[in-house]
Each structure stands twice: as structure tokens, then as C-alpha cells.
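Visitor: Numbering (my numbering), first residue to last: 1043 to 1166. Let me begin by handing over the structure; questions about it come next.
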Amino acid sequence: MKKVISTDAAPGAIGPYSQAIDTGTFVYASGQIPIDPATGLIPEGIKAQTAQSLANVKAILAAAGLTMANVVKTTVFLADMGDFAAMNEVYAEAFEAPYPARSAVAVRELPKQVLVEIEVLAAR
């Protein structure tokens, strides 16, 4: 089973991919950059961008009938590892113990020159 998850409460895909795919057991959400789906704007600063990326993730999970508590793995892409502590401060507010497994990596560049992108894997 492979079902596309799509919601207007998160930015639409800007390429040939889905916001998320539901396999019945897992929901694989594509990386979310900090675009406000209502305005199309990108907030300034790593904390605001992290919060918006996480809000987009939450909206996609909600469309699949899930919450952040279902997340088992995240990958955080940062344009600058110097933003790690500030990102982590906002990220920590989005999850409760037991926290999902996580990777955080610095990349050379992200789409639309944003500072952060977050992808998740959630389990039913």
C-alpha cells in the first residue's frame, strides 16, 4: 500500500515529489523548509525558520492522522552548523520523551537559501 499524503496546511511540493507517503505502517514526510503556506513567506532567523519547518511537519502528519508523538526518526539539514544550538532549542519544544532518533547535518545550501530543512519518519 502506498498512499500520497497532501495538505494545503503545508507548502506544496516544489518538484516531482509528494509531501508524504503513507505505507500503512510508516509515513515518510519529505523535508520541510520554512515556507508559511498561507503567505508563501519565509521567516527570518534560525529559530523562526525551525518553528515554521516543524509547523509544516505537524500539518503533514495531521493530514495522515498522526502527531509529533508518532515520529520515530528525524533528519535536520542546516545551512550553518553554528545554528545548531538555536535550532535545537526550538526543536526540543516540539517533541516529548521518548524523543525520536535524529541526525543533524550541515549542507552547502538549501532550497530558497533557507537556514533549515526537516524531514521525518513517523510510525502508526
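Note that beta-carbon positions come from the ideal geometry of N, C-alpha and C, so glycine has one too.
Three or more C-beta pairs closer than 8 Å, one from the segment 1089 to 1099 and one from the segment 1071 to 1078: is that the case here?
Guide: A contact exists between the segment 1089 to 1099 and the segment 1071 to 1078.
Visitor: Taking all protein chains shown into account, do 16 or more other C-beta atoms lie within 10 angstroms of the C-beta of ASP1050, making it buried, or fewer, making it exposed?
Guide: ASP1050 should be labelled exposed.
Visitor: Let me know the secondary structure DSSP gives SER1095 once reduced to three states.
Guide: Reduced to three states, the DSSP call for SER1095 is helix.
Visitor: Using a Cβ-Cβ cut-off of 7 Å (strictly less than) and excluding sequence neighbours within five positions of ASN1130, which residues of its own chain qualify?
Guide: There are no such residues.
Visitor: Looking at ASP1122: is its Cβ nearer than 8 Å to the Cβ of ALA1146?
Guide: Contact: no.
Visitor: Suppose only complete runs of 4+ residues qualify. What are the alpha helix (DSSP H) ranges in the segment 1055 to 1118, listed by chain order?
Guide: Fully enclosed alpha helix (DSSP H) runs of 4 or longer: 1088 to 1105.
Visitor: CA-CA distance, LEU1120 and GLY1066?
Guide: Cα to Cα, the separation comes out at about 30 Å.
Visitor: Which of the three DSSP states, helix, strand or coil, is assigned to LYS1044?
Guide: The answer is coil: DSSP assigns LYS1044 none of H, G, I, E or B.
Visitor: Do GLU1161 and THR1092 have their beta-carbon atoms positioned less than 8 Å apart in this structure?
Guide: No.
Visitor: Could you give the residue range of the alpha helix (DSSP H) that holds ALA1136?
Guide: That run of the alpha helix (DSSP H) goes 1126 to 1136.
Visitor: Take the Cβ of ALA1165 as the centre, count every other Cβ of all protein chains shown within 10 Å, and call the residue buried at 16 or more, exposed below.
Guide: Exposed: under 16 other Cβ atoms inside 10 Å.
Visitor: Going by alpha carbons, who is nearest to ALA1052 out of LYS1044, GLY1087 and ALA1106?
Guide: Of the candidates LYS1044, GLY1087 and ALA1106, the one whose C-alpha sits nearest the C-alpha of ALA1052 is ALA1106.
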